[in-house]
Each structure stands twice: as structure tokens, then as C-alpha cells.
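Notes for the one structure printed next.
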Amino acid sequence: MTDLSSASPTITSMIRMDHTHVLCAFHRYRLSSPWWRKRAIVGSVCTALEIHAQLEEEIFYPAVARVAPDNDAVKKSKPEHNEMREMIEKLRSMGPENAAYDGLFMQLMRITIHHVADEETVLLPMAERSLKNELSSLGAAMTRRRMQLLGERPIDVAVHTAGTFPIAAAVLTGLAVFAVSGIFGRSSARRRGRSREYA
Ligand SMILES: [Fe+2]
Ligand SMILES: [Fe+2]
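Laid out in C-alpha cells, this is it:
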């Protein structure tokens, strides 16, 4: 039987993709943006960071800690996530009309970019050197866990993504409608064909 884990993207590729997604959302934030756009971007970044941090803590960091338990970048990763969580909580407790909102979001952006830089220049290369044979199975484990976590907050993710990346959301919705209509179109055509055969 084929081992699906070995066909999965590696965990390090997935982590880089998550980072790119969050950095793109950060880049869409403007001081002059309307309040609803700011709120959508902040919501999207906060949810993405929370899920990403949890996935790293449950799956990636323990694997890296096995091969480099004394590495400084490994040791400070979780406290940095906790610092982000505190800022996320503060942002959620205030609205974009608050004078401190923009500054707090910029602060979150700054510590996230530093954290991502450490991961991309230290932890990911180290994992790629030391965990070569496990990277795909860890990637598969991360995908399974991500599906569970996304399933717990589907509305949250959909609403914020639509407000942050309206074109991408429209394209994805269009593709989903196209795919569904294709499936239903084919099955109703099959049904029509069958009913003609039986007539
Ligand atoms: Fe992290
Ligand atoms: Fe990360």
C-alpha cells in the first residue's frame, strides 16, 4: 500500500507558506484603510498566527528539540509565541477606532517578522539537515491537525479571509462553485442518461 505521508509536502515548506500568507496579510494593512478592512486583516492575521503557533508547538518544535535540545532559537520560540498571544488578546479586546490599535498591530508585525526570521534562518535549515526522513510525515501530521483546528472555527476563518484577500476569496469561491456545478452537472447528466436507458 502507498504511504500517503511520504507524498505530503514537507513540514518546512508548509511553515514557509504559512509565513508568506501572514506577511502578505500584514502588507495589506494601511493606516488609511477603512475600519472594516483593518478589522478583517487583524482578524485574519491573529487567527492564522494562533493556528500556526499551535501547530509548531505540537508538531514542529518537539521534533526539532529532539535533535537540538539546547539550541537558543528552539528555547525562545514558545515564549515568543506567548508574547504574540498577549498582543492578539489585547487587539481583540479593542476596536480599530481605538488610538492604540494601529500601533499595537505594528508591534505585533515587528515581533512576528523577527520570530519568522529566526525560524527561517535557523530552525528550518536545521530541521532540513537533521530530520530529512521525517519532514514529509511531519508535514502530513501538520495537515491533519490543521484540518481539525480549522474545523473548530470555519466562519471565523472564512469571514476574515474574505475581508483581507477579497480577490483571492472570490476566485476560490468561484472555483468551488465551478467544481460543485461540474460534479452535480455530471451526476445529473448521468441520471438523465440512465432514465433514458430505462425509458
Ligand atoms: Fe513560531
Ligand atoms: Fe513559524
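Heads up, the final residue of the sequence shown is numbered 200 in my numbering, and it's a clean run with no missing numbers.
All C-beta atoms, glycine included, are put in the ideal place defined by N, C-alpha and C.
These numbers come from a predicted model, not from an experiment.
Q) Closest by CA to Phe1, which one among Leu139, Leu50, Ser7? A) Absent from the structure is residue 1, since the part of the chain shown begins at 2 and ends at 200.
Q. Comparing the CB of Ala49 with every heavy atom of ligand 1, is any distance shorter than 7 angstroms?
A. Mapped onto the sequence shown, residue 49 falls at position 48. Relative to ligand 1, the beta carbon of Ala49 is positioned no closer than 7 angstroms to any heavy atom.
Q) Given a threshold of 16 other Cβ atoms within 10 Å of its Cβ, counted over all protein chains shown, does Arg96 qualify as buried or as exposed? A) Taking the sequence shown and counting its residues from 1, one reaches residue 96 at position 95. Before going on, a small fix: residue 96 reads as Gly here, not Arg. Flag for Gly96 reads exposed.
**Q.** Assigned secondary structure, Phe185 (DSSP; H/G/I helix, E/B strand, else coil)
**A.** Counted from its first residue, the sequence shown places residue 185 at position 184. Here Phe185 scores only 43 on pLDDT, less than 50, and its place in the model should not be relied on; the value that follows carries that caveat. Residue state, collapsed to three classes: helix.
Q: Tell me where the alpha helix (DSSP H) around Pro155 begins and ends.
A: The sequence position of residue 155 within the sequence shown is 154, counting from 1. Where Pro155 is concerned, the enclosing alpha helix (DSSP H) stretches over 155 to 165.
Q | Cβ-based neighbour list, Arg86, same chain, cut-off 8 angstroms, excluding 5 preceding and 5 following | A | For this step, residue 86 is matched to residue 85 along the sequence shown. The residues are Glu51, Ala54.
**Q.** Closest by C-alpha distance to Leu124, when choosing among Thr11, Ala69, Ser9, Ile42
**A.** Numbered from 1 along the sequence shown, position 123 holds the residue referred to as residue 124. Answer by Cα proximity: Ala69.
Q: Can you give me the Cβ contacts of Thr165 inside the same chain, cut-off strictly under 7 angstroms, excluding the 5 residues immediately before and after it?
A: The count along the sequence shown starts at 1 and reaches residue 165 at position 164. Only Ala26, Arg29, Ala41, Ile42, Ser45 meet the Cβ criterion.
Q. Which runs of the alpha helix (DSSP H) spanning at least 4 residues fall entirely within the region 8 to 59, listed in chain order?
A. The qualifying runs are 12 to 28, 36 to 56.
Q: Using 7 angstroms as the cut-off, classify the Cβ of Ile114 as near or not near the heavy atoms of ligand 2, replying yes or no.
A: Indexing the sequence shown from 1 puts residue 114 at position 113. If you check the C-beta of Ile114 against ligand 2, you find no heavy atom less than 7 angstroms away.
Q) When the Cα of Ser7 is compared with those of Pro155, Leu109, Asn134, Val160, which residue comes out closest? A) Against the sequence shown, residue 7 aligns to sequence position 6. When only C-alpha atoms are compared, the closest one is Asn134.
Q | Pick from Val65, Trp36, Leu24, Ile60 that is closest to Arg130, judged by C-alpha positions | A | On the sequence shown, position 129 is the one that residue 130 refers to. Looking at the Cα atoms, Val65 is the closest of the given residues.
Q: Mind checking which residues open and close the alpha helix (DSSP H) that includes Lys79?
A: Start at 1 with the first residue of the sequence shown, and residue 79 comes out as number 78. 73 to 94 is the span of the alpha helix (DSSP H), which, as asked, contains Lys79.
Q. Do Gln108 and Met88 have their C-beta atoms within less than 8 angstroms of each other?
A. On the sequence shown, residue 108 is found 107 positions in, with the first residue counted as 1. On the sequence shown, residue 88 is found 87 positions in, with the first residue counted as 1. In this structure, the beta-carbon distance from Gln108 to Met88 falls below 8 angstroms.
Q.
Rounding to the nearest angstrom, what Cα-Cα distance links Leu150 and Met15 in this structure?
A. The residue labelled residue 150 in the question sits at position 149 within the sequence shown. The residue labelled residue 15 in the question sits at position 14 within the sequence shown. Cα to Cα, Leu150 sits roughly 16 angstroms from Met15.
Q.
Would Lys77 pass as an interface residue toward chain C - the criterion being a Cβ-Cβ separation below 8 angstroms?
A. The structure shown has no chain C; it contains just one protein chain.
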